[in-house]
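J.: The sequence shown stops at residue 76 when you use numbering that gives the first Met the number 0, and every number in between is there.
Cβ atoms here follow ideal geometry from the backbone N, Cα and C, with glycine treated the same way.
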Amino acid sequence: MMFCPKCKSLMFPKDEIFVCNKCGYEKKKKGSVVVVEKQAEKEIVIIEKKIDILPKIRVECPKCGHNEASWILRQMR
0 MMFCPKCKSL
10 MFPKDEIFVC
20 NKCGYEKKKK
30 GSVVVVEKQA
40 EKEIVIIEKK
50 IDILPKIRVE
60 CPKCGHNEAS
70 WILRQMR
C-alpha cells in the first residue's frame, strides 16, 4: 500500500503510477507491484421459520373482517 505524502490518503495504482484520488498527487511505481485482494469468509445464516417483524395494529378490515393490520413505511425522494 502506498499513502500520499501530502494528504495521507491511500494511493491507487494506475498504469505506471500511483494516484491519490483526494489531492491528485502522482508518484512513479518503483519495481513491480502485486495487488492482492482477499475477502473474508462470512458465515451464512439460514432462517427457516418465518419471523414476523412488521409493526401491527388492531383494526377491523371492512372487506374481510380480519382484526389485525400491518404496514411498511417508505421514504420517497
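What is the residue span of the beta strand (DSSP E) that Cys19 lies within?
T.: Position 20 of the sequence shown, counted from the start, is the residue given in the question as residue 19. Note, Cys19: beta strand (DSSP E), 16-19.
J.: Going by alpha carbons, who is nearest to Glu25 out of Lys7, Lys37, Val35?
T.: Indexing the sequence shown from 1 puts residue 25 at position 26. The shortest C-alpha separation from Glu25 is found at Lys7.
J.: Would DSSP call Lys26 helix, strand or coil?
T.: The residue labelled residue 26 in the question sits at position 27 within the sequence shown. Here Lys26 sits in strand by DSSP.
J.: Assuming Leu9 is part of the beta strand (DSSP E), what are its boundary residues?
T.: Position 10 of the sequence shown, counted from the start, is the residue given in the question as residue 9. 9-13 is the extent of the beta strand (DSSP E) around Leu9.
J.: Are the segment 67-74 and the segment 40-56 in contact at 8 Å, needing three or more beta carbon pairs?
T.: Cβ pair count under 8 Å is three or more, so yes.
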